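Accompanying notes for the structure given below.
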Amino acid sequence: MKFKAWLKTITFYEILVGMAATMRHLLRYKPITLQYPHEKRTLPDSYRGMLALLRYDDGTEKCVGCDLCEAACPSRVIRVVSSEVPGEPTKRYASEYYMDMTRCLFCGMCVEACPVDALGMTREYEWAVYDKRNLLLNKQQLLAIGDRSYPVREKRLEFQHPNVAFFNVAFKNLPAKGT
Amino acid sequence: MHPVLDILKDKFPDAVLSVHQDKDRGDLSARVKAAHMLEIARFLHDDPRLAFDHITDVCSADYPDDPERFEVIYHVLSLPHGVRLRIKARVTEEHPVIASVVSVWKGAEFMERETYDLMGIKFSGHPDLRRILMPENYDEGYPLRKDFPAEGRGWRSSFPFLPKMDETAAVSNDNEVPEAEKQVFRAEVGAGSTRRTEELLLNMGPQHPSTHGVLRVVLELDGERVVKATPDLGYLHRGVEKLSEGLAYMQIIPHTDRLDYVCSMTNNYAYVRAVEKLLTLAVPERAEYIRTVVAEMQRIIGHLFWLGTQALDIGAMTVFFWTFREREVLLDMFEKLCGARLTLNYFRIGGVDSDFTPDLARRMNEFLDTFQAHINEYDSLIANNRIWIGRTKNVAVISAEDAINFGLTGPPLRGSGVKYDVRKMEPYGAYDKVEWEVPVGKNGDTYDRYWIRMEEMRQSARIIRQCLAQMPQGPIIADAPQIIPPPKANVMRDMESLIHHFIIFTQGFKPPKGETYCATEAPKGELGFFIISDGSPRPYRMKIRAPSFIHMGAFDHMARGYLISDIITIFGTYDIVMGECDR
Ligand code: SF4
Ligand code: SF4
Chain A
134 MKFKAWLKTI TFYEILVGMA ATMRHLLRYK PITLQYPHEK RTLPDSYRGM LALLRYDDGT
194 EKCVGCDLCE AACPSRVIRV VSSEVPGEPT KRYASEYYMD MTRCLFCGMC VEACPVDALG
254 MTREYEWAVY DKRNLLLNKQ QLLAIGDRSY PVREKRLEFQ HPNVAFFNVA FKNLPAKGT
Chain B
128 MHPVLDILKD KFPDAVLSVH QDKDRGDLSA RVKAAHMLEI ARFLHDDPRL AFDHITDVCS
188 ADYPDDPERF EVIYHVLSLP HGVRLRIKAR VTEEHPVIAS VVSVWKGAEF MERETYDLMG
248 IKFSGHPDLR RILMPENYDE GYPLRKDFPA EGRGWRSSFP FLPKMDETAA VSNDNEVPEA
308 EKQVFRAEVG AGSTRRTEEL LLNMGPQHPS THGVLRVVLE LDGERVVKAT PDLGYLHRGV
368 EKLSEGLAYM QIIPHTDRLD YVCSMTNNYA YVRAVEKLLT LAVPERAEYI RTVVAEMQRI
428 IGHLFWLGTQ ALDIGAMTVF FWTFREREVL LDMFEKLCGA RLTLNYFRIG GVDSDFTPDL
488 ARRMNEFLDT FQAHINEYDS LIANNRIWIG RTKNVAVISA EDAINFGLTG PPLRGSGVKY
548 DVRKMEPYGA YDKVEWEVPV GKNGDTYDRY WIRMEEMRQS ARIIRQCLAQ MPQGPIIADA
608 PQIIPPPKAN VMRDMESLIH HFIIFTQGFK PPKGETYCAT EAPKGELGFF IISDGSPRPY
668 RMKIRAPSFI HMGAFDHMAR GYLISDIITI FGTYDIVMGE CDR
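Just so you know, the sequences run in chain order A and B. Take 134 as the starting number for the first sequence in this note's numbering and just add one per residue. Take 128 as the starting number for the second sequence in this note's numbering and just add one per residue.
Given below as structure tokens:
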């Protein structure tokens with residue numbers, strides 16, 4: 134027993150074992166590093182990336198200015214100013230909508246809170262900027278992000294909430310309650 | 128009445144004001160007179176019928192309208208009997224002094240310092256009562272008091288003590304630190320030092336790469352030997368506890384992600400369990416299984432991360448790359464599961480956010496098929512390697528009694544041979560439905576703690592496999608419309624759900640009045656949340672028992688006498704994450 138241990142010591146046995154493992158990897162060399170920015174991963178549909186405001190299929194904004202996202206946000210990212218739709222006193226919309234993305238936790242609480250699914254999280258993540266002030270987004274910018282990611286978004290919303298597809302065509306085909 | 132409370136009441140008929148056993152939650156608590164605290168603590172610790180040998184936490188709460196304004200709360204645990212007890216003592220604002228229990232439980236040192244720092248309660252007889260998380264010269268009061276605004280003192284740019292970017296830097300005339308300031312880092316006279324020359328004070332960190340974040344340690348050195356090591360914490364203090372006093376219960380979940388950001392899921396888990404215990408809310412079985420699976424996935428990630436970085440600190444590069452390769456596979460799965468890789472925010476009060484799909488289960492099983500071989504691979508690289516053994520065997524040895532006395536938990540405690548695991552002692556999730564073992568070490572050195580973490584990864588793989596096989600069908604979130612937002616599909620269709628949805632997201636739910644402590648076994652140790660609710664939608668006080676913070680309390684004890692090059696290993700052996708340590 135002693136002899137064996139001694140033999141192992143002078144032959145650097147454990148180093149050889151380790152080197153064998155390393156060499157095996159060298160032979161079965163499978164690179165798993167991705168050459169980002171030249172290569173990019175495909176992100177899953179449920180990815181929680183940049184936030185965006187969405188529109189119905191006919192182009193009207195979904196947001197009804199209800200302030201729920203503002204109330205739900207744990208980090209006070211969102212500021213909503215809601216007003217009446219001109220000429221239609223029963224309808225409201227967000228006349229101004231700001232997001233301070235420097236504070237966002239990307240937790241998705243706002244998306245969960247929105248009762249009309251007007252908010253969505255996109256698969257955009259390359260939002261590094263030189264000036265922090267560029268991360269204070271207004272409604273137009275957020276809608277633009279939504280427009281860019283629209284096809285993706287639609288898939289995800291359908292995937293998450295089966296009824297959203299109906300809502301997308303502006304309250305047409307509303308299914309019966311309880312189905 | 129629980130026998131522990133009876134014994135306590137019989138022994139101290141005057142000092143114990145009242146005892147209470149929570150019917151719904153099972154928490155035992157006792158209110159005692161502050162003047163007798165030390166006496167009671169010693170009795171609790173020494174009496175074999177009680178044997179409260181493990182200090183879990185010391186914290187405090189502020190009741191500004193009460194004549195006795197501050198409440199100091201001690202959580203103690205009896206490892207032989209498996210009982211937790213909460214001792215509460217009130218002190219007044221004019222005279223916020225209570226006897227320190229450091230002489231009974233050494234681990235109380237850091238906890239009491241934190242209580243002093245954040246609430247301003249003075250502990251008489253404490254060996255080193257200084258601020259710990261806040262800067263030492265902070266003079267704006269005690270942040271956790273209720274009269275300190277939850278918003279803080281305004282915006283960062285308006286703080287007078289922060290340098291303005293357009294101003295020229297102030298000229299410092301003296302680089303030498305005054306002798307009085309150095310004194311706290313020096314060991315008491317007579318410790319260490321053999322060949323009397325002069326001890327060197329060496330500042331290590333906060334930017335040292337091996338400190339896993341921003342931790343500063345002041346080392347007093349005699350040659351290459353460490354005579355005293357004083358951790359200086361708080362560089363990453365964000366005031367999560369204060370922050371959560373201003374947030375609804377649901378909104379705190381994403382903030383808990385940022386505590387121990389290596390394994391954010393376990394923080395979510397610990398937090399939602401505490402809230403569910405407070406609400407006495409039952410979770411559907413499928414959700415329990417999913418929670419167990421993801422918590423164990425996080426444990427594997429945490430230990431892989433630890434192994435990689437610890438090996439890297441010691442000088443083995445390959446292990447780091449290999450462990451991160453496996454970690455990546457698991458992170459991809461999390462991304463699929465909940466859309467994020469690191470700050471997962473997956474748990475919800477009453478269940479989980481999204482379902483663990485069969486596709487994910489298949490991917491998980493595939494991962495587990497090769498995972499055993501991967502662990503053996505790491506072992507073949509380092510387990511017998513003479514450098515690894517030389518750097519870890521008999522380094523940072525802590526005996527079982529000391530480990531318990533310091534309040535250590537998790538692998539550092541089990542490495543010393545104490546078989547304490549919250550998952551076994553107070554089973555939650557699906558841990559009591561699957562077979563697994565708690566690995567314990569013998570020598571209490573760094574090598575044993577390494578071995579334990581390797582073994583825990585194997586056990587985690589075992590747990591996940593059984594859970595995936597047993598996972599029942601069913602809902603993934605409890606049905607409690609007062610507390611849990613209704614499914615989105617219903618919100619858009621029926622009025623009642625819409626109203627609940629609005630109320631929950633604007634006001635939050637109101638848990639019953641009460642307080643509870645709930646411990647969860649995180650990869651780092653016992654992560655506990657103590658919540659006091661006053662019946663409002665926001666926690667009145669939330670205390671996070673962060674294992675990393677409490678382990679740092681034993682750092683000096685474990686580092687004394689070792690070489691300066693071992694300090695890196697000793698940091699690593701706790702698996703500290705400063706985000707959790709400083710909160
Ligand atoms: S993702 Fe979270 S932090 Fe960001 S805006 Fe939405 S709720 Fe606020
Ligand atoms: S985004 Fe949704 S939650 Fe926010 S104001 Fe608009 S409709 Fe309301």
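From the three backbone atoms N, C-alpha and C, an ideal C-beta is built for every residue, glycine too. Note that the structure is a prediction, hence the values are computed from the model and not measured.
Does residue i get closer than 8 Å to chain B when you measure Cβ to Cβ?
{"i": "residue 181/A", "result": "yes"}
{"i": "residue 160/A", "result": "no"}
{"i": "residue 261/A", "result": "no"}
{"i": "residue 288/A", "result": "Model confidence at residue 288/A stands at a pLDDT of 42, short of 50, so the residue's coordinates are unreliable and nothing is read from them."}
{"i": "residue 136/A", "result": "no"}
{"i": "residue 210/A", "result": "no"}
{"i": "residue 395/A", "result": "This structure cannot settle anything about residue 395/A, because the visible part of chain A is limited to 134 through 312."}
{"i": "residue 204/A", "result": "yes"}
{"i": "residue 219/A", "result": "no"}
{"i": "residue 341/A", "result": "Here chain A covers residues 134 to 312 and nothing more, so residue 341/A does not appear."}
{"i": "residue 154/A", "result": "yes"}
{"i": "residue 147/A", "result": "yes"}
{"i": "residue 237/A", "result": "no"}
{"i": "residue 164/A", "result": "no"}
{"i": "residue 150/A", "result": "yes"}
So is residue i in contact with chain A if we call contact Cβ pairs under 8 Å?
{"i": "residue 703/B", "result": "no"}
{"i": "residue 399/B", "result": "no"}
{"i": "residue 484/B", "result": "no"}
{"i": "residue 378/B", "result": "yes"}
{"i": "residue 465/B", "result": "yes"}
{"i": "residue 382/B", "result": "yes"}
{"i": "residue 504/B", "result": "yes"}
{"i": "residue 365/B", "result": "no"}
{"i": "residue 462/B", "result": "yes"}
State the beta-bridge partners of residue i as determined by DSSP.
{"i": "residue 671/B", "result": "656/B"}
{"i": "residue 133/B", "result": "Paired residue(s): none; residue 133/B is not in a bridge."}
{"i": "residue 204/B", "result": "181/B and 211/B"}
{"i": "residue 227/B", "result": "Bridge partners of residue 227/B: none, in fact."}
{"i": "residue 145/B", "result": "158/B"}
{"i": "residue 227/A", "result": "215/A"}
{"i": "residue 252/A", "result": "186/A"}
{"i": "residue 358/B", "result": "344/B"}
{"i": "residue 472/B", "result": "Residue 472/B is not bridged to any residue."}
{"i": "residue 173/A", "result": "Bridge partners of residue 173/A: none, in fact."}
Using alpha carbons as the reference points, say which of the options lies closest to residue i.
{"i": "residue 651/B", "options": "392/B, 354/B, 630/B and 329/B", "result": "392/B"}
{"i": "residue 160/B", "options": "175/B, 136/B and 387/B", "result": "136/B"}
{"i": "residue 264/B", "options": "251/B, 367/B, 242/B and 308/B", "result": "308/B"}
{"i": "residue 128/B", "options": "149/B, 337/B, 637/B and 560/B", "result": "149/B"}
{"i": "residue 373/B", "options": "709/B, 660/B, 599/B and 699/B", "result": "660/B"}
{"i": "residue 166/B", "options": "406/B, 551/B, 211/B and 227/B", "result": "227/B"}
{"i": "residue 234/B", "options": "361/B, 688/B and 529/B", "result": "529/B"}
{"i": "residue 252/A", "options": "268/A, 237/A, 221/A and 195/A", "result": "195/A"}
{"i": "residue 246/A", "options": "664/B, 644/B, 631/B and 681/B", "result": "631/B"}
{"i": "residue 585/B", "options": "496/B, 646/B, 612/B and 662/B", "result": "496/B"}
Can you list every residue whose CB sits closer than 6 Å to some heavy atom of ligand 2, going in chain order? That query returns the following residues: 196/A, 197/A, 198/A, 199/A, 200/A, 201/A, 202/A, 213/A, 227/A, 246/A, 247/A, 249/A, 251/A and 252/A.
Between the segment 568 to 585 of chain B and the segment 670 to 680 of chain B, do three or more beta carbon pairs fall short of 8 Å? These segments do not touch.
Counting Cβ pairs closer than 8 Å, one from the segment 452 to 461 of chain B and one from the segment 416 to 434 of chain B, do we hit at least three? In short, these stretches touch, since the Cβ pair count reaches three.
Mind the definition here: the segment 473 to 481 of chain B touches the segment 409 to 420 of chain B only if three or more C-beta pairs lie below 8 Å; say whether that holds. Yes, since at least three Cβ pairs between the segment 473 to 481 of chain B and the segment 409 to 420 of chain B fall closer than 8 Å, the two stretches touch.
Assess contact between the segment 195 to 209 of chain B and the segment 251 to 265 of chain B, defined as three or more Cβ pairs (one per stretch) separated by less than 8 Å. Is contact present? Segments in contact, no.
How about the segment 227 to 247 of chain A and the segment 146 to 163 of chain A: do they share at least three Cβ pairs that are nearer than 8 Å? No, the segment 227 to 247 of chain A does not touch the segment 146 to 163 of chain A.
Could you say if the segment 626 to 640 of chain B and the segment 369 to 385 of chain B meet the contact criterion of at least three C-beta pairs nearer than 8 Å? At 8 Å Cβ cutoff, the stretches touch.
Touch test, the segment 618 to 629 of chain B against the segment 599 to 606 of chain B, Cβ-Cβ under 8 Å, three pairs minimum: No contact exists between the segment 618 to 629 of chain B and the segment 599 to 606 of chain B.
Within 8 Å, do at least three Cβ pairs link the segment 682 to 696 of chain B to the segment 402 to 409 of chain B? No, they do not touch.
If contact is defined by three or more beta carbon pairs under 8 Å, each pair taking one atom from either stretch, is the segment 338 to 345 of chain B in contact with the segment 353 to 373 of chain B? Yes, the segment 353 to 373 of chain B touches the segment 338 to 345 of chain B.
Does the structure place the segment 433 to 451 of chain B close enough to the segment 496 to 511 of chain B that three or more beta carbon pairs sit under 8 Å? They touch, by the three-pair rule.
Three CB pairs or more closer than 8 Å across the segment 501 to 521 of chain B and the segment 569 to 589 of chain B: Judged by pairs of C-beta atoms under 8 Å, the segment 501 to 521 of chain B touches the segment 569 to 589 of chain B, as three or more such pairs exist.
If contact is defined by three or more beta carbon pairs under 8 Å, each pair taking one atom from either stretch, is the segment 529 to 538 of chain B in contact with the segment 506 to 518 of chain B? Fewer than three beta-carbon pairs drawn from the segment 506 to 518 of chain B and the segment 529 to 538 of chain B are found closer than 8 Å, and the two stretches are therefore not classed as touching.
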